[in-house]
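Below: the structure, in structure tokens.
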């Protein structure tokens with residue numbers, strides 16, 4: 021039982037750390053990044069793409085005039101969205117209004133796993 025608890029604790033700590041680091045990165049890009057409007061455009065399917073797969077891209081121009089195209093989490097083609105990008109790496113984008121629900125889920129799952137592991141190890145006979 022102790023081995024299972026240690027494995028659960030380790031997995032929980034990893035999930036907690038991954039979620040917390042990504043939430044911190046999102047906050048940093050939102051506060052320190054550059055805000056621009058991007059347009060969601062259709063991406064032509066390449067030979068390696070599945071014919072039924074559709075993945076739009078966000079197209080925007082950086083402050084210094086470089087055109088950028090990154091995968092879009094949203095799927096409404098033609099929609100203009102506010103994005104924040106990291107000036108050091110403009111391909112790192114946070115869409116305004118995205119909450120990072122997966123990151124929060126990782127943090128919550130990590131906390132639950134850690135608490136469950138500790139309680140299980142303490143109460144184990």
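Residue numbers (the numbering used here): 21 to 145.
Quick reminder that beta carbons are idealized off the backbone N, C-alpha and C, glycines included.
What you are looking at is a predicted structure, and each value in this text was computed from that prediction instead of being measured.
Where residue i falls, given that 16 or more other Cβ within 10 Å makes a residue buried
| i | result |
| --- | --- |
| residue 139 | exposed |
| residue 126 | buried |
| residue 85 | exposed |
| residue 144 | exposed |
| residue 36 | buried |
| residue 29 | buried |
Cβ-Cβ separation, residue j to residue i (assumed contact under 8 Å), whole Å
| i | j | result |
| --- | --- | --- |
| residue 141 | residue 22 | 6 Å |
| residue 114 | residue 46 | 5 Å |
| residue 123 | residue 43 | 5 Å |
| residue 88 | residue 55 | About 14 Å separates the two Cβ atoms, so there is no contact after all. |
| residue 39 | residue 130 | 6 Å |
| residue 76 | residue 92 | 5 Å |
According to DSSP, residues forming a beta bridge with residue i
| i | result |
| --- | --- |
| residue 116 | DSSP, once it has assigned bridges, lists no residue as partnering residue 116. |
| residue 77 | 61 and 91 |
| residue 24 | In DSSP, residue 24 forms no bridge with anything. |
| residue 123 | Partner(s): none; residue 123 has no beta bridge. |
| residue 109 | 106 |
For residue i, three-class secondary structure by DSSP
| i | result |
| --- | --- |
| residue 133 | helix |
| residue 84 | coil |
| residue 103 | strand |
| residue 40 | helix |
| residue 35 | helix |
| residue 56 | strand |
| residue 140 | helix |
| residue 49 | helix |
Below 8 Å, can you find three or more Cβ-Cβ pairs linking the segment 75–88 to the segment 51–59? A contact exists between the segment 75–88 and the segment 51–59.
So, does the segment 88–104 touch the segment 128–138, judging by three or more C-beta pairs under 8 Å? As far as the Cβ criterion goes, the segment 88–104 does not touch the segment 128–138, which means the pair count is below three.
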